[in-house]
Amino acid sequence: MKRKFHGGIHPAEEKNTKDIPIRQAREPKKVVLPLQQHTGVPCQPLVKVGDEVKVGQKIGDVNALISAPVHSSVSGKVVAIEPYLHPTGSIVSSVIIESDEKNTLSEEIKPRANLENISLEEIKKIIREAGIVGLGGAAFPTHVKLSPPKEKKIDTLILNGAECEPYLTADYRLMVERTEEIISGMKLLMKALSVERGIIGIEDNKPEAIKTVGKAISEGNSLKVVSLRTKYPQGSEKHLIKSILNREVPSGGLPLDVGVVVNNVGTAYAVYEAVVKGLPLIKRVVTVSGNGVKEPQNLEVKIGTLFQDLISQCGGFDGKIEKIIMGGPLMGIAQYTTEVPVVKGTTGILVLRDSGVIQSRPCIRCGRCIDVCPVYLMPTMYALLVEHKKWEDAEKYNILDCIECGCCAYICPSRIPLVHYIKYGKTELLMKRTQKR
Amino acid sequence: MEEKFILSVSPHLKTKEDVPRVMLDVIIALIPASLAAVYFFRWYALRTILVCLIFAPLAEWVSEKIMKRKNTIDDLSAVVTGLLLALTLPPTLPPWIAAIGVIVAIVLGKAFFGGLGWNPFNPALVGRAVLVACWPVEMTTWIKPVTSRVLQAVTTATPLNIVKEKLVEEILPTHLELFLGNRAGSLGETSVLALLIGGIYLLYRRQITWHIPLSYLGVVALSSFLLKIDVLFQLFTGGLILGAFFMATDYVTSPLTRKGQIIFGLLCGLMTMLIRLKGGFPEGVCYSILIVNMLTPTIDKLTVPKKFGARSRMFTNK
Chain A
2 MKRKFHGGIH
12 PAEEKNTKDI
22 PIRQAREPKK
32 VVLPLQQHTG
42 VPCQPLVKVG
52 DEVKVGQKIG
62 DVNALISAPV
72 HSSVSGKVVA
82 IEPYLHPTGS
92 IVSSVIIESD
102 EKNTLSEEIK
112 PRANLENISL
122 EEIKKIIREA
132 GIVGLGGAAF
142 PTHVKLSPPK
152 EKKIDTLILN
162 GAECEPYLTA
172 DYRLMVERTE
182 EIISGMKLLM
192 KALSVERGII
202 GIEDNKPEAI
212 KTVGKAISEG
222 NSLKVVSLRT
232 KYPQGSEKHL
242 IKSILNREVP
252 SGGLPLDVGV
262 VVNNVGTAYA
272 VYEAVVKGLP
282 LIKRVVTVSG
292 NGVKEPQNLE
302 VKIGTLFQDL
312 ISQCGGFDGK
322 IEKIIMGGPL
332 MGIAQYTTEV
342 PVVKGTTGIL
352 VLRDSGVIQS
362 RPCIRCGRCI
372 DVCPVYLMPT
382 MYALLVEHKK
392 WEDAEKYNIL
402 DCIECGCCAY
412 ICPSRIPLVH
422 YIKYGKTELL
432 MKRTQKR
Chain B
15 MEEKFILSVS
25 PHLKTKEDVP
35 RVMLDVIIAL
45 IPASLAAVYF
55 FRWYALRTIL
65 VCLIFAPLAE
75 WVSEKIMKRK
85 NTIDDLSAVV
95 TGLLLALTLP
105 PTLPPWIAAI
115 GVIVAIVLGK
125 AFFGGLGWNP
135 FNPALVGRAV
145 LVACWPVEMT
155 TWIKPVTSRV
165 LQAVTTATPL
175 NIVKEKLVEE
185 ILPTHLELFL
195 GNRAGSLGET
205 SVLALLIGGI
215 YLLYRRQITW
225 HIPLSYLGVV
235 ALSSFLLKID
245 VLFQLFTGGL
255 ILGAFFMATD
265 YVTSPLTRKG
275 QIIFGLLCGL
285 MTMLIRLKGG
295 FPEGVCYSIL
305 IVNMLTPTID
315 KLTVPKKFGA
325 RSRMFTNK
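Sequences listed follow chains A and B, in order. Note that this note's numbering numbers the first sequence so that position 329 is 330, with each residue one more than the last. Note that this note's numbering numbers the second sequence so that position 23 is 37, with each residue one more than the last.
Dropping the structure here:
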């Protein structure tokens, strides 16, 4: 029997690109590299306007624990360092580089032949210097996850291959096409954490990936593939741990509170690239899909490439487009323009003809939002309480525990934008908290 | 590229199932019972159902016009209320009384509280309760179905009446007659079979869950069994099946959580048995649901689920 978590939804999967192999995207003529592509402290630029840079050269860094450096993904000239629209909606200081299209590699990049005697400190240092962050979308610096406080004993590394959002197939293609690399990266992560047990969780709508990965690890028995029920949000860190290990991360806590570190399969691939090939994080796989794009693809893209370059490589718009989303349709972020760059956390670009914005009706108290909430919350209460600015009451109903997965708003027959209310309520509460300090 | 796209908070995907579809399913589920009503009570059933179906949306439309609110008859909830009320009325009730009932249900039962979603009581039952208070004779005058073994259009007593008032001259219908609906009673409550078909449709479409009907019927069955009275008779008579599947399950007036719904169903069942056996009325479904409706906010407060990560034993390393 497959272990499961409470709630969740199963929308149409729409994984139209699952059988399309990863293709290299065209070399961008210009890249926009925001100096903050991670959760944490923004980087300071290490280059000036007019500087010549090479592929893989570090162009931004900062001396702070929770941060990740930024590298140039092309060789060419820095033409500007200025505030630029980031796909998360804020304006972020960004380094804009015009490519010379020569792709000259930085001298610092050296492959490593011997993996046997590499120390865990070395692995962590390489990961930090390579600017690796969680590639599943959250973009939390990976080296921080690998350095848990001493009192937290970690016993398991979980690799997240759930990819539970509709449309997205980037992780799936990686698992099928670059299996060995992912497993090698996983072993490096396990070594950095000194854990014996490594588990890859994959939803059972990806049998090909379960088979391929399963075959590749069959020789070593400290690694295991777990087939997970296809249910959104299976890929949520806390729910993945619940499904695989039946451990429940305490409210307000982190996976390391239950002895687990979770990394995305894409992150494991990036770790392999960094440690074995010496390549910092300058490219990633992005699914470009949706009913508004002519030829959906899985593209391996240089970080900093503009959305519009990728959409035109996929045959351009098909019909009248209402919405562009970075990420999946359930947690992705809507964009008002396609002139935003791919960042480290860009899992996909969706081009949709239908905005999904519908007039809402009053709540009929059907309770479906409660049924589907994987955190056991009462989302309909938040709409009511936030609308009347009852912030403290919303807090009593645990609004801050919401993971914003969007199941409630998806299922709501009254089309109430519940996540909108919840984000608003959370922001107000957190602002009040900082004011008190 | 100067094109601008729509911004909104995630999720960008929504299920197709919306409020009108939910209401449409309830209407579909009531079709077998409505057909049974027409079959058993012919013209009486047809005229009452039609009057209610016309006056319910009309009352909603007019009241929203007067109160300067957005027109919401397209959500179909008024049609549901009208149809439900019609099915709880006695066949020979004059149509004008039925019309008043439906207007009371929509205006007093729903619109005055703020419209769909805000009413504390089931609107159809509010309509019925008001009619019982204002026209007690008309609301308790029953006829035998035209398919009955006895002459048609003769006033008679409902099976629960016969038992309550120990009317020796009346013949009690058999269990099979009760199941099929060949007995005196309100229009839509007589045929258990037709109501069950509708109830199963709602369960299949997941518009309702088992929690309220099962706990409600379960308590009635269990308490009848313990009190050594005829279990099937208690289940098949009165408005119990109609109430358990279509009235008590009303989203707006029942608790939000499944746990709360079980408590709600149990209380409805207890209240129904109490009224049937100890109260002044032979039947208690309408009033028990209305009374337990009052407890819904309290039940909601008492059944707030424990959040993820609050229930866990803290993980310990061995």
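No residue lacks a Cβ here, since even glycine has one placed at the ideal position from N, Cα and C. The structure displayed is predicted, hence computed values, not measured ones.
Spell out whether any CB of chain B is found under 8 Å from the CB atom of G9/A. Here residue 9/A is taken as the residue at index 8 of the first sequence, counted from 1. Nearest CB-CB separation between G9/A and chain B: not below the 8 Å threshold.
Using DSSP bridges, identify the partner residues of G202/A. Walking along the first sequence from the start, residue 202/A turns up at place 201. In the DSSP output, where bridge partners are listed per residue, G202/A has N161/A, V227/A.
My parser needs the alpha helix (DSSP H) runs of 4 or more residues fully inside the region 78-163 of chain A; what are they? Segments of the alpha helix (DSSP H) lying fully in the region 78-163 of chain A: 121-130, 143-146.
R353/B by DSSP, collapsed to three states: which one? Missing from the structure shown is residue 353/B; chain B here goes from 15 to 332 and no further.
Outcome for K154/A when other beta-carbon atoms lying within 10 angstroms are tallied against a minimum of 16: If you number the first sequence from 1, residue 154/A lands on position 153. That one is exposed.
Does D39/B have its Cβ less than 8 Å from a Cβ in chain E? No chain E appears in this structure, whose protein chains are A and B.
Going along the chain, which residues of its own chain have a beta-carbon closer than 7 Å to the beta-carbon of T169/B, five neighbours each way excluded? For the purposes of this step, residue 169/B is taken as residue 155 along the second sequence, with counting starting at 1. Taking C-beta separations shorter than 7 Å and ignoring five residues to either side along the sequence, the partners of T169/B in its chain run T155, W156, I157, following chain order.
Does any residue of chain B have a CB that is nearer than 8 Å to the CB of Q436/A? Here the question's residue 436/A lines up with position 435 in the first sequence. Not closer than 8 Å to any Cβ of chain B, the Cβ of Q436/A fails to qualify, so no.
Strictly by DSSP, which residues pair up with D62/A? As a position in the first sequence, residue 62/A is number 61, starting the count at 1. Per DSSP, the beta-bridge partners of D62/A are Q45/A.
Are the region 375-386 of chain A and the region 101-112 of chain B touching, with three or more C-beta to C-beta distances below 8 Å? Cβ pair count under 8 Å is below three, so no.
Suppose the cutoff is 8 Å on Cβ atoms and the five residues either side in sequence are ignored; what does the same chain contact list for I10/A look like? Taking the first sequence and counting its residues from 1, the one referred to as residue 10/A is at position 9. The residues are K232, Y233, V373, C408, Y411, I412.
Is the separation between the beta-carbon of L98/B and that of M153/B shorter than 8 Å? The sequence position of residue 98/B within the second sequence is 84, counting from 1. The sequence position of residue 153/B within the second sequence is 139, counting from 1. Not a contact, by the Cβ cut-off of 8 Å.
According to DSSP, which residues form a beta bridge with V261/A? In the first sequence, counting from the first residue as 1, residue 261/A sits at position 260. In the DSSP output, where bridge partners are listed per residue, V261/A has T157/A.
How far does the beta strand (DSSP E) with G1/A in it extend, from its first residue to its last? Any property of residue 1/A remains undetermined from this structure, which presents chain A solely from 2 to 438.
Span of the beta strand (DSSP E) holding S290/A? Here residue 290/A refers to the residue found at position 289 of the first sequence. For S290/A, the uninterrupted beta strand (DSSP E) run begins and ends at 284-290, by DSSP.
On the CB-based measure, 16 or more other CB atoms within 10 Å of its CB, does T62/B come out buried or exposed? On the second sequence, position 48 is the one that residue 62/B refers to. By the neighbour-count definition (other C-beta atoms within 10 Å, threshold 16), T62/B is a buried residue.
To the nearest angstrom, how far is it from the Cα of N331/B to the Cα of P29/A? The residue given as residue 331/B occupies position 317 in the second sequence. The residue given as residue 29/A occupies position 28 in the first sequence. Because N331/B carries a pLDDT of 39, less than 50, the predicted location of this residue cannot be relied on, and the following value inherits that uncertainty. Between the C-alpha atoms of N331/B and P29/A there is a straight-line separation of about 49 Å.
Where Y265/B meets chain A, residues with beta-carbon distance less than 8 Å: Numbered from its first residue, the second sequence carries residue 265/B at position 251. Ordered by position in chain A, the residues that pass the 8 Å Cβ test against Y265/B are I365, R366, C367, G368.
CB of I98/A within 8 Å of CB of G77/A, strictly: Numbered from 1 along the first sequence, position 97 holds the residue referred to as residue 98/A. Numbered from 1 along the first sequence, position 76 holds the residue referred to as residue 77/A. In this structure, I98/A places its C-beta atom within 8 Å of the C-beta atom of G77/A.
Any idea what DSSP makes of K232/A, helix, strand or coil? For this step, residue 232/A is matched to residue 231 along the first sequence. Under the three-state reduction of DSSP output, K232/A falls in the coil class, being neither helix nor strand.
Integer Cβ distance of I183/A from A275/A, believed to fall under 8 Å: Counted from its first residue, the first sequence places residue 183/A at position 182. Counted from its first residue, the first sequence places residue 275/A at position 274. The Cβ separation is near 13 Å, so there is no contact.
Residues sharing a beta bridge with P35/A, DSSP: For the purposes of this step, residue 35/A is taken as the residue at position 34 of the first sequence. Under DSSP, P35/A shares a beta bridge with S95/A.
Using a threshold of 8 Å, state whether the C-beta atoms of D264/B and N85/B are closer than that. What you label residue 264/B is simply residue 250 of the second sequence in a count that begins at 1. What you label residue 85/B is simply residue 71 of the second sequence in a count that begins at 1. Going by beta carbons, D264/B and N85/B fall outside the 8 Å limit.
Entirely within the region 268-320 of chain B and at least 4 residues each: give me those alpha helix (DSSP H) ranges in chain order. Entirely contained in the region 268-320 of chain B, the alpha helix (DSSP H) runs reaching 4 residues are, in chain order, 272-292, 299-307, 310-316.
Can you give the Cα-Cα distance for A335/A and I404/A, rounded to whole angstroms? Within the first sequence, residue 335/A is the residue found at index 334, counting from 1. Within the first sequence, residue 404/A is the residue found at index 403, counting from 1. When only Cα atoms are considered, A335/A and I404/A end up about 18 Å apart.
Reduced DSSP category for M379/A - H, G, I as helix; E, B as strand; rest coil: Residue mapping note: residue 379/A aligns to position 378 of the first sequence, counting from 1. Three-state result, M379/A: coil.
contact_flag[the region 420-436 of chain A, the region 383-402 of chain A] where n(CB pairs < 8 Å) is 3 or more: Because the criterion of three Cβ pairs below 8 Å is met, the region 420-436 of chain A and the region 383-402 of chain A touch.
On the premise that V318/B lies in contact with L281/B, defined as a C-beta separation below 8 Å, what is that separation, rounded to the nearest angstrom? Your numbering for residue 281/B matches position 267 in the second sequence. Your numbering for residue 318/B matches position 304 in the second sequence. That belief does not hold up - the Cβ atoms of L281/B and V318/B are roughly 18 Å apart, past 8 Å.
So, at 6 Å on beta carbons, what are the nonlocal neighbours of H87/A in its own chain, with the 5 sequence-adjacent residues on each side left out? In the first sequence, counting from the first residue as 1, residue 87/A sits at position 86. These residues qualify, in order along the chain: P35, V93.
Taking the continuous beta strand (DSSP E) assigned at Q298/A, which residues delimit it? In the first sequence, counting from the first residue as 1, residue 298/A sits at position 297. Looking at the DSSP string, the run of the beta strand (DSSP E) that includes Q298/A is 298-303.
Please list, in chain order, the chain A residues whose beta carbon lies closer than 7 Å to that of E31/B. Here residue 31/B refers to the residue found at position 17 of the second sequence. Neighbours of E31/B on chain A, chain order: P414.
Cα-Cα separation between P251/A and P112/A, rounded to whole angstroms: The count along the first sequence starts at 1 and reaches residue 251/A at position 250. The count along the first sequence starts at 1 and reaches residue 112/A at position 111. If you take the alpha carbons of P251/A and P112/A, they lie about 41 Å apart.
Examine chain A for any beta-carbon lying closer than 8 Å to the beta-carbon of D244/B, and answer yes or no. To locate residue 244/B, count along the second sequence from 1; it is residue 230. Not an interface residue.
Just to confirm before moving on: does the CB-CB distance between Q58/A and S68/A stay below 8 Å? As a working mapping, residue 58/A is identified with position 57 in the first sequence. As a working mapping, residue 68/A is identified with position 67 in the first sequence. No, Cβ-Cβ distance for Q58/A and S68/A is not below 8 Å.
Which runs of the alpha helix (DSSP H) at least 4 residues long sit entirely within the region 105-190 of chain B? Give them in chain order. For the region 105-190 of chain B, the full-length alpha helix (DSSP H) segments reaching 4 residues or more read 109-117, 137-148, 173-178 along the chain.
With distance defined between alpha-carbon atoms, name the residue in W149/B, L190/B, L316/B, R197/B nearest to V160/B. Residue numbering aside, residue 160/B sits at position 146 when the second sequence is read from its first letter. Per the Cα distances, R197/B.
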